[in-house]
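Engineer: In the UniProt record's numbering, the protein residues as written are 1 to 406. Can you read through this structure? Questions will come right after.
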């Protein structure tokens, strides 16, 4: 039987959900022994929860708010970049009691008529079909799908036995693809760890063999700034504006947000030349590692980053490798900066000694490390392809299910 023969009910109908609550914002995060506060990044695009990075907030705030998750709750991403609004996952429980941010909405099913896994499938079908991207409200840098709109969305509600049959069949068919994705992820993590140790050994070896120079004197140091987000004419231009969340790759070719020429001219933002070395100096990520990247295009950065345009005698790729090789030492300099954010003090990083061999040796080091980078890039590409294949496969399966074909 297909969805055209099933009852269509609004998500806000009490036969579908008995609770629909957005979470709450909390500026205090990464508190030791705090309560897990799930956020946008904790919902993966394949519909599974992602606990790889957990923010923790004060227990007293979580208890006061009372927005606790239960096994079987659905988490809906109500605010994100346009294409990610509406991604959804089933909360299958965790080691600790969790709460959630205002960018997420909790849906608790009426299990007398609806399986949580069925609701998750319905929302994922809509997300795959770009329903939420088409109907969300766009703001500068993010989009949102309101609670009222979510309650009004109608989904098919077949009998419980039919829901169970379809959910079980989809889980059986997607299991092998998910296992392949897991294995590839483990391989990437293994070679990335090995790459970290190789770079550290090279840094230490060069440190004992070549002259050093304070990092702050390796080139022109350039700070960042943020154009006013109250000025629409400052944003959605052609100049990349890089923040800490963009610093996920060794080589940066673009940014999530861009500013205009007017935004650059009338703010504290400065134009960073291409082939500069960018690194994070403020943010909670510093408690895990110090992100370092090299840009392939002129860009701007926010105030949580610093840039060094290296002298001609220093290759920017080489210097970026060296800072990754010394990453544990840089992280050791991190201090608390209030609101649980970390900071890398300027006197500390600017005086940090970096080995500077001749240009020929720099190129040799770059060549040796490029082999590792190429391998990691190849594996990450395969992993991304597998993820995309899983999304397509899952989307096709759900569509077939709703047509009564599985």
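For every residue, glycine included, the Cβ atom is placed at its ideal position computed from N, Cα and C.
1. Along the chain, where does the beta strand (DSSP E) containing residue 280 start, and where does it finish?
2. Alpha carbon to alpha carbon, how far is residue 255 from residue 147? Give it in angstroms, no decimals.
3. With distances taken Cα to Cα, identify the nearest neighbour of residue 115 among 375, 382, 18, 250.
4. Closer than 7 angstroms, CB to CB, is residue 12 near chain D or not?
5. Consult DSSP for residue 232 and reduce its assignment to one of helix, strand or coil.
6. Below 6 angstroms CB to CB, which residues in the same chain sit around residue 281 once its five sequence neighbours on both sides are set aside?
7. I'd like the list of long-range same chain contacts for residue 135, defined as Cβ closer than 8 angstroms, with 5 residues on each side in sequence excluded.
8. Check the C-beta distance from residue 46 over to residue 336 and give it rounded, since I have them as a contact under 8 angstroms.
9. With C-beta atoms as the reference, is residue 67 less than 7 angstroms away from residue 28?
10. So which of 124, 137, 333 has the shortest CA-CA distance to residue 399?
11. If you draw a straight line from the alpha carbon of residue 298 to that of residue 233, how long is it in whole angstroms?
12. Determine which residues share a DSSP beta bridge with residue 353 and list them.
13. Drop a sphere of 10 angstroms on the beta-carbon of residue 71, count the other beta-carbons inside from all chains shown, and report buried for 16 or more, exposed for fewer.
14. Report back the beta-carbon spacing between residue 43 and residue 89 to the nearest angstrom; my notes put them in contact at under 8 angstroms.
15. If you reduce the DSSP assignment to three classes, tell me which class residue 1 lands in.
16. With respect to the beta strand (DSSP E) encompassing residue 398, which residues constitute its N-terminal and C-terminal limits?
17. For residue 158, I'd like the list of residues in its chain whose CB is within less than 6 angstroms of its CB, leaving aside the five on either flank, ordered along the chain.
18. Suppose the cutoff is 6 angstroms on Cβ atoms and the five residues either side in sequence are ignored; what does the same chain contact list for residue 253 look like?
19. What runs of the alpha helix (DSSP H), each 4 residues or longer, lie entirely inside the stretch 70 to 156?
20. To which residues of the same chain is residue 324 closer than 6 angstroms at the C-beta, ignoring the five residues directly before and after it?
21. Tell me which residues share the same chain as residue 23 and place their Cβ nearer than 6 angstroms to its Cβ, disregarding the 5 neighbours each side in the sequence.
22. With a 10 Å radius around its C-beta and 16 neighbouring C-beta atoms as the bar for buried, classify residue 371 as buried or exposed.
23. Would you mind working out which of 213, 354, 269 sits nearest residue 229, comparing C-alpha positions?
24. Taking the continuous beta strand (DSSP E) assigned at residue 243, which residues delimit it?
25. Pull up the DSSP beta-bridge partners for residue 22, would you.
26. Who are the Cβ neighbours of residue 334 in its own chain at under 8 angstroms, not counting the five residues just before and after it?
27. The ligand GDP and residue 109: does the residue's C-beta get closer than 6 angstroms to at least one heavy atom of that ligand?
Structural biologist: Judging by the given coordinates:
1. Here the question's residue 280 lines up with position 280 in the chain shown. Per DSSP, residue 280 belongs to the beta strand (DSSP E) from 277 to 280.
2. Taking the chain shown and counting its residues from 1, the one referred to as residue 147 is at position 147. Taking the chain shown and counting its residues from 1, the one referred to as residue 255 is at position 255. The straight-line gap from Cα to Cα measures roughly 29 angstroms.
3. Sequence index remark: in the chain shown, residue 115 carries index 115 (1-based). The option with the nearest alpha carbon to residue 115 is 18.
4. The structure shown has no chain D; it contains just one protein chain.
5. Here residue 232 refers to the residue found at position 232 of the chain shown. Under the three-state reduction of DSSP, residue 232 is assigned to helix.
6. In the chain shown, residue 281 corresponds to position 281, counting from 1. The answer, listed in chain order, is 306, 344.
7. Indexing the chain shown from 1 puts residue 135 at position 135. 145, 149.
8. Mapped onto the chain shown, residue 46 falls at position 46. Mapped onto the chain shown, residue 336 falls at position 336. Between residue 336 and residue 46 the Cβ distance is about 36 angstroms, and since that is not below 8 angstroms, they are no contact.
9. Here residue 67 corresponds to residue number 67 of the chain shown, with the count starting at 1. Here residue 28 corresponds to residue number 28 of the chain shown, with the count starting at 1. Their beta carbons are not under 7 angstroms apart, which means residue 67 does not touch residue 28 by this criterion.
10. Here residue 399 refers to the residue found at position 399 when the chain shown is read from its first residue. It is 124.
11. Working through the chain shown from its first residue, we reach residue 298 at position 298. Working through the chain shown from its first residue, we reach residue 233 at position 233. Taking the Cα positions, residue 298 is about 20 angstroms away from residue 233.
12. Counted from its first residue, the chain shown places residue 353 at position 353. Paired residue(s): 214.
13. By 1-based counting over the chain shown, the position of residue 71 is 71. Looking at its Cβ environment, which holds fewer than 16 other Cβ atoms inside 10 Å, residue 71 is exposed.
14. Along the chain shown, read from residue 1 onward, the residue named residue 43 stands at position 43. Along the chain shown, read from residue 1 onward, the residue named residue 89 stands at position 89. Their Cβ separation, rounded to whole angstroms, is 5 angstroms, which keeps residue 43 and residue 89 in contact under 8 angstroms.
15. Here the question's residue 1 lines up with position 1 in the chain shown. Confidence at residue 1 is low in this model, with a pLDDT of 48, below 50, so the placement of that residue should be treated as unreliable; the coordinate-derived value is given next. In the structure shown, residue 1 sits in coil (DSSP, three-state: anything other than H, G, I, E or B).
16. Walking along the chain shown from the start, residue 398 turns up at place 398. Here residue 398 belongs to no beta strand (DSSP E); instead the alpha helix (DSSP H) covers 359 to 402.
17. Against the chain shown, residue 158 aligns to sequence position 158. Around residue 158: 6.
18. Translated into positions along the chain shown, residue 253 becomes position 253. The residues are 296.
19. 116 to 128, 131 to 135, 147 to 152
20. Locating residue 324 in the chain shown gives position 324, where the first residue counts as 1. Excluding positions up to five away in sequence, the list reads 199, 292.
21. Counting from one through the chain shown, the residue named residue 23 turns up at place 23. Excluding sequence neighbours, residue 23 sits near 67, 100, 101, 102, 104.
22. In the chain shown, residue 371 corresponds to position 371, counting from 1. Only exposed fits residue 371, as fewer than 16 other CB atoms lie within 10 angstroms of its CB.
23. Working through the chain shown from its first residue, we reach residue 229 at position 229. Comparing Cα-Cα distances from residue 229 to each of 213, 354, 269, the minimum goes to 269.
24. If you number the chain shown from 1, residue 243 lands on position 243. Counting along the chain, residue 243 falls outside any beta strand (DSSP E), and DSSP gives it neither H nor E.
25. By one-based count along the chain shown, residue 22 stands at place 22. Its beta-bridge partners are 105.
26. Counting from one through the chain shown, the residue named residue 334 turns up at place 334. Same-chain partners within the cutoff: 286, 287, 290, 342, 343, 344.
27. Among the ligands in the structure shown, none appear at all, so the ligand GDP cannot be discussed.
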